[in-house]
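See structure below.
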Amino acid sequence: MEAAARDLLAWYDRHRRVLPWRAAPGASADPYVVWLSEIMLQQTTVAAVAPRFAAFLDRFPDVATLAEAPWEEVAKAWAGLGYYARARNLHEAAKAVVARGGFPKDEAGLRSLPGVGPYTAAAVAAIAFGRPAVPVDGNVERVMARLHAVRETLPAAKRALAAAARAFGATRAAQARPGDFAQALFDLGATICTPRRPACALCPLTHTCRARAEGLAEALPAKSAKAARPERHGLAFWLEDRTGAVLLRRRAPEGLLGGMLELPGTPWRDEPWPFAEARAHAPAEAGWEEIGRVRHVFTHFALDLAVVAARVEALPSPGVQREAVLEAGLPAVMAKAARLALAHSSGRSRERSTSSGRSRPRSS
DNA sequence: AAATCGGGGGC
DNA sequence: GCCCCAGATTT
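With numbering that gives the first Met the number 0 as the guide, the letters of the first sequence map in order to residues 0 to 363.
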């Protein structure tokens, strides 16, 4: 293990990824930057985070700025990134950090912040504070499962894989560079020890790896079967006044898409909504017209969302100008519905101007 | 241990 | 279409 840890760190020194949130070799890491990046990267790929990270840091350059910001601003900056409880916890944690005068510097203290679990506490402790902790993410689980040819299926194998990672991190080489050791495991998992077609020929641990020796690398880690994804149905209302203002509302702070903006709509349920039933949830009496449907896949269900539109004299409450709706900070499913409505009405105005009326509004 | 909680990239 | 991603929290 000792030699393997040295080989891994030597590989990292040559092949480390250059990422926006990473300090240059030898430079000290900003705990705020490390923490923010770790939260953003929870269950989210580097490719998805990279373009969003700089913008968020630009808007909230330090923990005090984030703590003082209103929730609406944080939600707007996070919109589209998913798992919105992360943004709520991020905001609350920033307030807690400011209140206590700075970031906790050890795992236990970090773990007390909302949204910081075992993984993130270990990652920040190691990367930002040089503490000898080993964060165990999906990459590390995969590398450990292969290194030791662990055949037990995930998630049952989590405990054993974490123990293996802890033992690896207890080597002298790892203890000398905890942050680099953790990130070396991430980079190895992301670029060499990949879920499919691992590049074992390029791996610094290829001679230590038991799965490699047994021809099992690509088959590990094994996973237990996952549940089927049910279909649910909803209906959303695009209501616009004569000035082009569109009605939006904010969802309840907890639960799915908690605290985020949305189009008014019905609840989401297993059965489709006949319009006669859905209209009881409409924000106004109007000549509603179905303009299309949006399909969006969440983690544990797929949503079929019908979108209906209407125009009224005055909205029941202040709206957002239609040109600004896509910049207001909508979650992805609502951005899809908004794009559908915007395309539909711009298409209609084009048709009116060229008097090639093709659509036959189905009034309801 | 299982369920909840998003969205997208890659194949 | 499926798998996976620098997971946390609640039940």
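Cβ atoms here follow ideal geometry from the backbone N, Cα and C, with glycine treated the same way.
Contacting residues, own chain, Cβ-Cβ under 6 Å from residue i (five flanking each side not counted)
| i | result |
| --- | --- |
| Cys202 | Ile191 |
| Ala164 | Val133, Val135, Val139 and Met143 |
| Gly57 | The sequence shown places Asp at residue 57, not Gly. Correct list: empty, nothing qualifies. |
| Phe128 | Lys104 |
| Leu7 | Ala183 and Pro203 |
| Ala3 | Leu204 and Thr207 |
Reduced DSSP secondary structure (H/G/I, E/B, other) of residue i
| i | result |
| --- | --- |
| His14 | helix |
| Arg359 | For Arg359, the pLDDT reaches just 27, beneath the cut-off of 50, and the residue's location in the model is therefore unreliable, leaving the point undetermined. |
| Trp237 | strand |
| His343 | helix |
| His232 | strand |
| His206 | coil |
| Arg196 | coil |
| His299 | coil |
| Arg5 | helix |
| Glu312 | coil |
| Ala251 | coil |
| Arg176 | coil |
| Lys222 | strand |
| Ala305 | strand |
| Leu260 | strand |
| Ala283 | coil |
| Met0 | coil |
| Glu213 | coil |
| Gly188 | helix |
| Ala244 | strand |
| Gly291 | strand |
Beta-carbon proximity of residue i to residue j, cut-off 8 Å
| i | j | result |
| --- | --- | --- |
| Glu37 | Val123 | yes |
| Leu302 | Arg231 | yes |
| Pro177 | Arg145 | no |
| Glu1 | Ala172 | yes |
| Val73 | Ala92 | no |
| Met333 | Leu260 | yes |
| Trp20 | Phe52 | yes |
| Ala125 | Ala181 | yes |
| Val97 | Ala120 | no |
| Gly188 | Arg158 | no |
| Pro197 | Ala216 | yes |
| Val319 | Ala327 | yes |
| Met40 | Val48 | The sequence as given places Leu at residue 40; Met does not occur at that position. Cβ atoms of Leu40 and Val48: closer than 8 Å. |
Close beta carbons around residue i, own chain, < 8 Å, minus the five adjacent residues each side
| i | result |
| --- | --- |
| Pro315 | Leu246, Pro282 and Ala283 |
| Asp186 | Tyr11, His14, Arg15 and Arg16 |
| Ala336 | Ala235, Trp237, Leu262, Val293, Leu304 and Val306 |
| His343 | Ile290, Gly291 and Ala308 |
| Gly257 | Tyr83, Ala84, Arg87, Arg250 and Ala251 |
| Thr43 | Leu80, Gly81 and Tyr82 |
| Ala9 | Pro203 |
| Val296 | Arg228 and Leu302 |
| Val324 | Val245, Leu247, Ala337 and Leu341 |
| Ala226 | His299 |
| Glu213 | Ala148 |
| Ser354 | With a pLDDT of only 32 at Ser354, under the threshold of 50, the placement of this residue in the model should not be trusted; the figure read from the coordinates follows. If we look at Ser354 and ignore the five residues flanking it on each side, it has no Cβ neighbours. |
| Ala155 | Ser223 |
| Ala54 | Ala76 |
| Ala23 | none |
Residues near residue i by beta carbon distance below 7 Å, same chain, minus five either side
| i | result |
| --- | --- |
| Asp61 | Tyr31 |
| Gly264 | Gly233, Leu234, Ala235, Phe236 and His280 |
| Trp267 | Arg231, His232, Gly233 and Leu302 |
| Trp70 | His90 and Gly258 |
- Query: Are the region 267 to 280 and the region 205 to 223 in contact at 8 Å, needing three or more beta carbon pairs?
  - Reply: Because the criterion of three Cβ pairs below 8 Å is not met, the region 267 to 280 and the region 205 to 223 do not touch.
Practice item. Would you be able to state if there are at least three C-beta pairs under 8 Å between the region 311 to 326 and the region 224 to 241? Key: Taking one beta carbon from each stretch, the region 224 to 241 and the region 311 to 326 have 3 or more pairs nearer than 8 Å; the two touch.
Discussion item. Under 8 Å: do the region 96 to 113 and the region 12 to 26 share three or more Cβ pairs, one atom per stretch?
Written reply: Short answer: they don't touch.
query = Would the region 71 to 85 and the region 94 to 105 be scored as touching if the rule is three or more Cβ pairs under 8 Å?
reply = Verdict: no, contact absent.
Touch check for the region 215 to 224 and the region 149 to 169: three-plus C-beta pairs under 8 Å?
Contact between the region 215 to 224 and the region 149 to 169 is present, with at least three C-beta pairs closer than 8 Å.
Can you give, in chain order, each stretch of the alpha helix (DSSP H) that sits fully within the region 89 to 158 and has at least 4 residues? With a minimum length of 4 residues, the unbroken runs of alpha helix (DSSP H) contained wholly in the region 89 to 158 fall at 106 to 110, 117 to 128 and 137 to 146.
Ranges of the alpha helix (DSSP H) found wholly within the region 17 to 43, counting only runs of at least 4 | Listed in chain order, the alpha helix (DSSP H) elements of length 4 or more contained wholly in the region 17 to 43 are 30 to 39.
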